[in-house]
Amino acid sequence: MSEGNRIAAHYSDSGMAERVLSALTGEGMDIDALSWDRLTSFDQFHTRGLPATREQAALAAPEPGEKVIDIGCGVGGPARHLAAEFHCEVSGIDLTPDYIEVADMLTERCGLSDRARFERADALDLPFCDGLFDIGWSQNVSMNVAEKTDFYAEIARVLRPGGRFVTSDVVVGPGGEPDWPLPWAREPSISFVATEDEMRAAMESAGFRIVEWRDTTDEAVNVFRNPNQQVRRGKLGVGLIAGADFAERSRNLAHGMADGAFASVIALADKPV
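Under my numbering, the final residue of the sequence shown carries the number 408; numbering is consecutive throughout.
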């Protein structure tokens, strides 16, 4: 099995769409007229959830009508947020067919299909022409990508000159060894977590200019320690799309953040004119 297929298999679940609809119905929602902001307990599948998406959007500063590519879009939560709140045109890509199916389904039922579209694609071979997008967006994606410079170079290729790239990722921390499984990998063969220096170097080698770089580890640790975070593990929690073992994987990441095995960063870069 290829590396890409192994990564897709890690996230795949052929019953995902039916399970999501059943859970939404069970919570009393009208599944034919959903609201994007009632899905955020499970569709913001990344460290710190919706607050991280809002912080990333503030960095990107999208304008109405701007074209955004969301690389590793998952089930489309951030894309729907950008489409609804900022009136952007968002194209989301992901390796996992089940995620794309759910992203399409939820976006249509939220009435946002005219502004957010999704397709299965490889982040290292994006199906878009050069210079098409104003903003590149990714959240907790590069941990599954071995070829970091190629990954960032492909994003740079599809951005216009002067375009922005905003990303948040887990990186190697100052010390400690992680416990397995983790949210992005149940075993080490598909985990490619970089150091901050490696991540910055790869982005710059791909042609990006770093504009802003923040360490968000403390914020991530505080979220993991917050009892209210338990809602993300309920009937409409991330486990709905991430699997029955997500609670264990999330705990291991929380321990890794607290113990120094991992850190968390958010960055804004641009493509020079």
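Don't be surprised by glycine CBs; every beta carbon is placed ideally from N, CA and C.
Thinking C-alpha only, which one of the options is nearest residue i?
{"i": "alanine 281", "options": "Ser326, Trp315 and Asp148", "result": "Ser326"}
{"i": "lysine 202", "options": "Pro262, Ile166, Gly311 and Gly266", "result": "Gly266"}
{"i": "alanine 320", "options": "Asp380, His222 and Ala404", "result": "Asp380"}
{"i": "phenylalanine 263", "options": "Glu289, Asn279, Thr284 and Asp285", "result": "Glu289"}
{"i": "alanine 341", "options": "Leu169, Lys283, Asp314 and Pro199", "result": "Lys283"}
{"i": "isoleucine 345", "options": "Ala144, Glu236 and Asp332", "result": "Asp332"}
{"i": "leucine 169", "options": "Asp148, Gly212 and Ala187", "result": "Gly212"}
{"i": "threonine 330", "options": "Phe397, Trp348 and Leu371", "result": "Phe397"}
{"i": "methionine 334", "options": "Glu254, Asp314, Asp304 and Leu371", "result": "Asp304"}
{"i": "serine 399", "options": "Met338, Val328 and Glu339", "result": "Val328"}
Near residue i, which residues of its chain fall below 7 Å by C-beta distance, leaving aside the five closest residues on each side in sequence?
{"i": "leucine 375", "result": "Arg154, Val155, Ala158 and Phe177"}
{"i": "alanine 219", "result": "Trp171 and Leu247"}
{"i": "histidine 145", "result": "Ala320, Arg321 and Ile325"}
{"i": "lysine 370", "result": "Ala158, Gly161 and Glu162"}
Who are the near neighbours of residue i in its chain, counting only those whose CB is closer than 6 Å to its CB and skipping five residues on each side?
{"i": "phenylalanine 180", "result": "Gly209 and Val373"}
{"i": "tyrosine 234", "result": "Gly209 and Val210"}
{"i": "glycine 395", "result": "Gly308, Pro309, Gly310 and Gly311"}
{"i": "alanine 152", "result": "Glu236, Val237 and Met240"}
Could you tell me the distance, in whole angstroms, from the CA atom of residue i to the CA atom of residue j?
{"i": "arginine 252", "j": "isoleucine 142", "result": "22 Å"}
{"i": "serine 273", "j": "glycine 207", "result": "6 Å"}
{"i": "proline 232", "j": "alanine 336", "result": "31 Å"}
{"i": "leucine 388", "j": "serine 324", "result": "17 Å"}
{"i": "asparagine 275", "j": "glutamate 162", "result": "28 Å"}
{"i": "glutamine 191", "j": "alanine 402", "result": "8 Å"}
{"i": "glutamate 354", "j": "arginine 183", "result": "8 Å"}
{"i": "glycine 150", "j": "serine 137", "result": "23 Å"}
{"i": "threonine 351", "j": "alanine 195", "result": "17 Å"}
{"i": "leucine 317", "j": "valine 306", "result": "13 Å"}
{"i": "valine 366", "j": "alanine 393", "result": "Bear in mind that the predicted position of valine 366 carries a pLDDT of just 45, short of 50, making it too unreliable to give a figure here."}
{"i": "proline 197", "j": "glutamate 224", "result": "10 Å"}
{"i": "glutamate 383", "j": "serine 277", "result": "21 Å"}
{"i": "valine 216", "j": "serine 385", "result": "Residue identity check: residue 216 is histidine in the sequence provided, not valine. Their backbone Cα atoms lie some 23 Å apart in a straight line."}
{"i": "arginine 360", "j": "valine 408", "result": "43 Å"}
{"i": "glycine 391", "j": "alanine 214", "result": "28 Å"}
{"i": "aspartate 148", "j": "glycine 378", "result": "8 Å"}
{"i": "glycine 139", "j": "leucine 230", "result": "7 Å"}
Could you check where the alpha helix (DSSP H) with residue i kicks off and where it finishes?
{"i": "glycine 139", "result": "138-146"}
{"i": "leucine 159", "result": "151-161"}
{"i": "valine 293", "result": "283-293"}
{"i": "arginine 112", "result": "In this structure the chain extends from 136 to 408, so residue 112 is not present and cannot be described."}
{"i": "aspartate 178", "result": "175-178"}
{"i": "isoleucine 376", "result": "374-377"}
{"i": "leucine 403", "result": "First-last for leucine 403: 397-405, but that is the beta strand (DSSP E), not the alpha helix (DSSP H)."}
{"i": "proline 262", "result": "Element bounds for proline 262: n/a, residue is neither H nor E."}
{"i": "threonine 188", "result": "184-195"}
Under 7 Å: does the beta carbon of residue i sit that close to some heavy atom of the ligand ADP?
{"i": "methionine 338", "result": "For the ligand ADP, the structure offers nothing, since it holds no ligand at all."}
Residue range of the beta strand (DSSP E) that residue i falls in?
{"i": "aspartate 353", "result": "No beta strand (DSSP E) holds aspartate 353; the alpha helix (DSSP H) holding it covers 352-360."}
{"i": "serine 273", "result": "268-274"}
{"i": "valine 237", "result": "Careful: valine 237 lies outside any beta strand (DSSP E), inside the alpha helix (DSSP H) at 232-244."}
{"i": "isoleucine 325", "result": "Looking at the DSSP string, isoleucine 325 is not in any beta strand (DSSP E), and its letter there is neither H nor E."}
{"i": "glutamate 254", "result": "251-255"}
{"i": "serine 385", "result": "Segment 381-394 is the alpha helix (DSSP H) holding serine 385; no beta strand (DSSP E) there."}
{"i": "glutamate 224", "result": "224-229"}
{"i": "isoleucine 206", "result": "202-206"}
Within its chain, find whatever has a CB closer than 8 Å to the CB of residue i; leave out the 5 residues flanking it on each side and keep chain order.
{"i": "aspartate 167", "result": "Arg244"}
{"i": "phenylalanine 343", "result": "Tyr287, Ala291, Phe300, Ala404, Asp405 and Lys406"}
{"i": "leucine 261", "result": "Ile204, Ile206, Ile228, Glu289, Ile290, Arg292 and Val293"}
{"i": "histidine 222", "result": "Pro199, Gly200 and Arg250"}
Counting only C-beta atoms, is residue i closer than 8 Å to chain B at any point?
{"i": "phenylalanine 221", "result": "Going by chain labels, chain B is absent from the structure shown, which holds only one protein chain."}
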